[in-house]
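Contents: one structure, followed by commentary.
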Ligand code: AMP
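In the UniProt record's numbering, the protein residues as written are 1 to 557.
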């Protein structure tokens with residue numbers, strides 16, 4: 001096998017000064033090279049600088065802060081050496097898993113801490129000692145107030161998705177938490193947008209921070225090909241199914257499917273082969289010889305799909321390529337431009353298709369800004385679309401065969417069949433057999449549709465979200481339920497406390513919270529009916545303004 005790309009080349013992680021345990025973990029995860037934000041942030045963070053990074057989900061920002069944090073982490077203490085604040089439970093789990101995976105060989109103890117999870121389990125783990133805590137501000141503050149979490153040994157604090165945290169009303173909680181950490185700590189702030197409020201936090205709490213902004217280079221947009229560009233919004237769990245479906249409908253002559261890691265390349269290749277495609281994997285773990293053979297098979301038409309990482313596909317030039325498919329939104333807009341530059345050459349038509357997780361929509365916008373071209377958000381083909389498409393394939397295949405020269409040799413078979421059956425019935429049976437040979441009926445569940453998130457306003461706040469004036473009911477008209485919270489004005493409750501608690505502790509988006517009414521002694525909050533139980537459960541276990549509220553469905557009048 002080739003020497004490992006991630007550790008051997010100058011452009012790899014080794015060049016950033018990471019310790020061998022981390023390099024090994026990255027290589028095993030199939031990361032072949034750092035993303036742009038990682039390339040810029042890792043070395044200064046290792047050197048101890050504070051940093052403000054403007055980067056959205058999908059850029060690789062988690063590893064950009066997690067790797068330096070792990071590089072110098074003192075493990076084995078009784079209280080944590082690093083604290084990561086995140087806006088939601090989902091992100092707490094994701095970041096915590098990432099830290100755990102990267103820190104595999106360092107015996108790092110990581111704990112995600114969020115509302116809605118029984119506090120007793122968190123207490124047990126905290127008592128045994130943890131090295132890194134990743135949590136939502138509400139629950140972290142709760143632990144501080146109970147004195148079950150000490151932050152005096154913290155050396156690094158990360159504020160991840162800081163703009164989201166502010167949108168959810170966590171500003172005061174963040175201030176209170178930072179006040180509990182040593183003044184000489186390193187502070188790292190990541191945010192997708194940089195409204196003035198974020199800048200104010202950076203000025204107040206960070207020391208002479210380095211500022212990194214992704215996507216400012218526009219030179220890569222020069223000479224863009226004109227290809228059809230579209231994207232589909234898909235939840236992570238449905239991505240392989242969605243890819244198969246898109247390929248079925250697009251029917252590319254030759255395509256490259258880009259993945260982030262070697263593991264992903266292998267998984268996707270296997271699933272496409274299972275679907276009847278001739279797909280081959282191309283990644284940095286293959287020898288040059290193996291790569292040449294794969295390329296030869298693509299050029300010769302023996303393979304129709306290449307599943308590749310960016311590194312492996314570098315310099316690759318295939319004449320007959322009709323489609324570039326991004327299995328994820330690329331980690332930088334420039335990478336997108338490089339990828340799609342491989343189709344639509346010399347005036348041929350081509351298509352660039354991107355599968356984006358809901359959280360990655362912002363990256364799509366960044367790409368549109370860089371290229372100045374629109375990426376159309378399309379609806380995934382439904383099961384009905386697929387069925388129609390397969391029948392259409394049967395029709396065109398037979399139609400083309402009608403002009404074949406060697407049909408006469410089947411005449412005797414036809415004659416003997418029509419002795420006993422109607423010729424139409426024979427034709428129908430033949431069509432059915434062809435259809436079945438092509439894969440037959442589509443036997444798949446529908447993939448849930450995801451609606452695009454509404455645009456944010458200039459200052460980076462969701463339109464109609466918290467902080468933009470009086471709250472109104474949900475714009476999409478879905479069924480809502482009023483939830484009674486037994487704390488009101490007298491307890492100092494403000495709308496942002498409720499939005500923050502619901503978003504942070506129940507994992508809802510701030511946009512899902514509807515009208516809020518606060519009286520002296522209680523508050524009423526509208527939430528989507530489908531989420532009502534979850535909200536009630538989570539809020540009953542959380543503290544709002546330092547107090548545990550009674551929470552239940554509001555009784556109808
Ligand atoms: P993030 O922007 O931190 O949410 O990361 C987006 C995704 O990219 C995650 O699934 C990571 O596992 C993956 N990722 C991060 N860095 C790299 C890298 N250097 N190479 C390949 N995948 C990466």
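Ideal Cβ positions, reconstructed from N, Cα and C, are used throughout, including at glycine.
Predicted model, so just to flag it, every value in this text is computed and none were measured.
- [ ] Would you mind stating whether residue 165 and residue 174 have Cβ atoms separated by less than 8 angstroms?
- [x] On the chain shown, residue 165 is found 165 positions in, with the first residue counted as 1. On the chain shown, residue 174 is found 174 positions in, with the first residue counted as 1. Contact check for residue 165 against residue 174 passes: the beta carbons are separated by less than 8 angstroms.
Open item on the list: Taking 8 angstroms as the cut-off, does the segment 481-491 touch the segment 518-526 (at least 3 CB pairs, one atom from each stretch)?
Closed with: The answer is yes - the segment 481-491 touches the segment 518-526, with three or more Cβ pairs under 8 angstroms.
Task: Cβ-based neighbour list, residue 284, same chain, cut-off 6 angstroms, excluding 5 preceding and 5 following - done: Within the chain shown, numbered from 1, the residue matching residue 284 stands at position 284. Hits under 6 angstroms: 5, 32, 311, 312.
Task: Residue closest to residue 56, alpha-carbon to alpha-carbon, out of 47, 36, 68 - done: Start at 1 with the first residue of the chain shown, and residue 56 comes out as number 56. Nearest C-alpha to residue 56: 36.
- [ ] Would you mind listing the alpha helix (DSSP H) stretches within the segment 13-80 that are 4+ residues and don't spill past its ends, in chain order?
- [x] The alpha helix (DSSP H) runs of length 4 or more contained entirely in the segment 13-80 are, from start to end of the chain, 20-29, 36-46, 61-71.
Task: Host beta strand (DSSP E) of residue 480 (start-end) - done: Your numbering for residue 480 matches position 480 in the chain shown. Looking at the DSSP string, the run of the beta strand (DSSP E) that includes residue 480 is 480-485.
Open item on the list: Let's test the definition: count the other Cβ atoms within 10 Å of the Cβ of residue 204 and tell me whether it reaches 16, buried, or not, exposed.
Closed with: Along the chain shown, read from residue 1 onward, the residue named residue 204 stands at position 204. It counts as exposed.
Open item on the list: For residue 74, tell me which candidate among 156, 18, 112, 268 has the shortest Cα-Cα distance.
Closed with: If you number the chain shown from 1, residue 74 lands on position 74. If we check each option's Cα against that of residue 74, 156 comes out closest.
TODO: Identify whether residue 306 lies in helix, strand or coil by the three-state DSSP scheme.
DONE: Walking along the chain shown from the start, residue 306 turns up at place 306. Of the three classes helix, strand and coil, the one that applies to residue 306 here is strand, per DSSP.
Open item on the list: Between residue 590 and ligand 1, is there a pair consisting of the residue's CB and a ligand heavy atom that are separated by less than 7 angstroms?
Closed with: This structure gives no information on residue 590, because the portion of the chain shown stretches from 1 to 557.
Task: Same chain, Cβ closer than 6 angstroms to residue 560, neighbours up to 5 away in sequence not counted - done: In the structure displayed, the chain extends from 1 to 557; residue 560 sits before or after that span and is not available.
- [ ] Taking only runs that begin and end inside the segment 241-283, name each unbroken alpha helix (DSSP H) of 4 or more residues, in chain order.
- [x] Counting only runs of 4 or more, we get 262-274.
Task: alpha helix (DSSP H) segment containing residue 542, residue limits - done: Indexing the chain shown from 1 puts residue 542 at position 542. Note, residue 542: premise wrong, no alpha helix (DSSP H); not H, not E.
TODO: Compare the beta carbon distance of residue 233 and residue 330 with 8 angstroms and say whether it is the shorter of the two.
DONE: As a working note, residue 233 is residue 233 in the chain shown. As a working note, residue 330 is residue 330 in the chain shown. Contact flag unset, no.
Task: Element boundaries [beta strand (DSSP E), containing residue 323] - done: For the purposes of this step, residue 323 is taken as residue 323 along the chain shown, with counting starting at 1. Unbroken beta strand (DSSP E) run through residue 323: 323-326.
Open item on the list: In the DSSP output, which residue or residues are listed as bridge partners for residue 113?
Closed with: Translated into positions along the chain shown, residue 113 becomes position 113. Per DSSP, 135.
- [ ] Whole angstroms is fine: what's the gap from residue 116's alpha carbon to residue 277's?
- [x] Taking the chain shown and counting its residues from 1, the one referred to as residue 116 is at position 116. Taking the chain shown and counting its residues from 1, the one referred to as residue 277 is at position 277. Here the alpha carbons of residue 277 and residue 116 stand approximately 43 angstroms from one another.
- [ ] Indicate whether residue 545 and residue 492 have their beta-carbon atoms separated by less than 8 angstroms.
- [x] Position 545 of the chain shown, counted from the first residue, corresponds to residue 545. Position 492 of the chain shown, counted from the first residue, corresponds to residue 492. Cβ atoms of residue 545 and residue 492: closer than 8 angstroms.
Task: Euclidean distance between Cα positions of residue 320 and residue 286 - done: Start at 1 with the first residue of the chain shown, and residue 320 comes out as number 320. Start at 1 with the first residue of the chain shown, and residue 286 comes out as number 286. The straight-line gap separating the alpha-carbon atoms of residue 320 and residue 286 is approximately 23 angstroms.
Task: residue 446 to residue 246 span [Cα, whole Å] - done: Here residue 446 refers to the residue found at position 446 when the chain shown is read from its first residue. Here residue 246 refers to the residue found at position 246 when the chain shown is read from its first residue. Roughly 13 angstroms separates the two Cα atoms.
- [ ] Measure the Cβ-Cβ separation of residue 526 and residue 514 and say whether it is below 8 angstroms.
- [x] Stepping through the chain shown from its first residue, residue 526 is reached at position 526. Stepping through the chain shown from its first residue, residue 514 is reached at position 514. Yes. Within cutoff.
- [ ] Tell me whether residue 158 sits in a helix, a strand or coil according to DSSP, three-state version.
- [x] On the chain shown, residue 158 is found 158 positions in, with the first residue counted as 1. In the structure shown, residue 158 sits in a strand (DSSP, three-state: E or B).
Task: Spatial neighbours of residue 250 in its chain, beta-carbon cut-off 8 angstroms, leaving aside the 5 residues before and after - done: As a working mapping, residue 250 is identified with position 250 in the chain shown. Cβ within range, chain order: 323, 351, 353.
TODO: Would you check if the distance between the CB atom of residue 558 and the CB atom of residue 29 is smaller than 8 angstroms?
DONE: The shown model of the chain, from 1 to 557, leaves out residue 558, and the question about it has no answer.
- [ ] Count the other CB atoms, across all protein chains shown, that sit within 10 Å of the CB of residue 140; report buried if there are 16 or more and exposed otherwise.
- [x] Working through the chain shown from its first residue, we reach residue 140 at position 140. Residue environment for residue 140: buried (at least 16 other C-beta atoms within 10 angstroms of its C-beta).
Open item on the list: Is residue 97 a contact residue of ligand 1, with contact defined as CB to any heavy atom under 7 angstroms?
Closed with: The residue given as residue 97 occupies position 97 in the chain shown. In this structure, ligand 1 has no non-hydrogen atom nearer than 7 angstroms to the beta-carbon of residue 97.
- [ ] Whole angstroms is fine: what's the gap from residue 12's alpha carbon to residue 95's?
- [x] Numbered from its first residue, the chain shown carries residue 12 at position 12. Numbered from its first residue, the chain shown carries residue 95 at position 95. Going from the Cα of residue 12 to the Cα of residue 95 covers about 22 angstroms.
Open item on the list: Does residue 151 come out as helix, strand or coil in the three-state DSSP assignment?
Closed with: Taking the first residue of the chain shown as position 1, residue 151 is located at position 151. DSSP places residue 151 in coil when its eight states are reduced to three.
- [ ] Could you work out which residue in 363, 101, 92, 318 is closest to residue 214 when comparing CA atoms only?
- [x] Sequence index remark: in the chain shown, residue 214 carries index 214 (1-based). Selection 363, 101, 92, 318 evaluated against residue 214 yields 363 as nearest (Cα-Cα).
- [ ] Using 7 angstroms as the cut-off, classify the Cβ of residue 63 as near or not near the heavy atoms of ligand 1, replying yes or no.
- [x] By one-based count along the chain shown, residue 63 stands at place 63. Look at residue 63: its beta carbon is less than 7 angstroms from one of the heavy atoms in ligand 1.
Task: Assigned exposure category for residue 258 - 16 Cβ within 10 Å defines buried - done: Indexing the chain shown from 1 puts residue 258 at position 258. Buried, by the Cβ-count rule.
- [ ] Counting only the same chain and skipping the five closest in sequence on each side, list residues whose C-beta sits under 6 angstroms from that of residue 194.
- [x] Residue mapping note: residue 194 aligns to position 194 of the chain shown, counting from 1. Counting only Cβ-Cβ distances below 6 angstroms, and skipping sequence neighbours, we find 54.
Open item on the list: Here's a check: name, in chain order, each residue in its chain whose Cβ is nearer than 6 angstroms to the Cβ of residue 540, leaving out the five neighbours to either side.
Closed with: Taking the chain shown and counting its residues from 1, the one referred to as residue 540 is at position 540. For residue 540, where only same-chain residues beyond five positions count, the Cβ hits under 6 angstroms are 551.
TODO: Quickly, what does DSSP pair residue 229 with across the bridge? List them, please.
DONE: If you number the chain shown from 1, residue 229 lands on position 229. 352.
Open item on the list: Comparing C-alpha positions only, which one of 438, 125, 27, 451 sits nearest to residue 248?
Closed with: Walking along the chain shown from the start, residue 248 turns up at place 248. For residue 248, the closest of 438, 125, 27, 451 by C-alpha to C-alpha distance is 438.
Open item on the list: Using a Cβ-Cβ cutoff of less than 8 angstroms, which residues in the same chain neighbour residue 186 once the five nearest sequence positions on both sides are dropped?
Closed with: One-based indexing of the chain shown puts residue 186 at position 186. 45, 48, 49, 50, 155, 156, 157, listed in sequence order.
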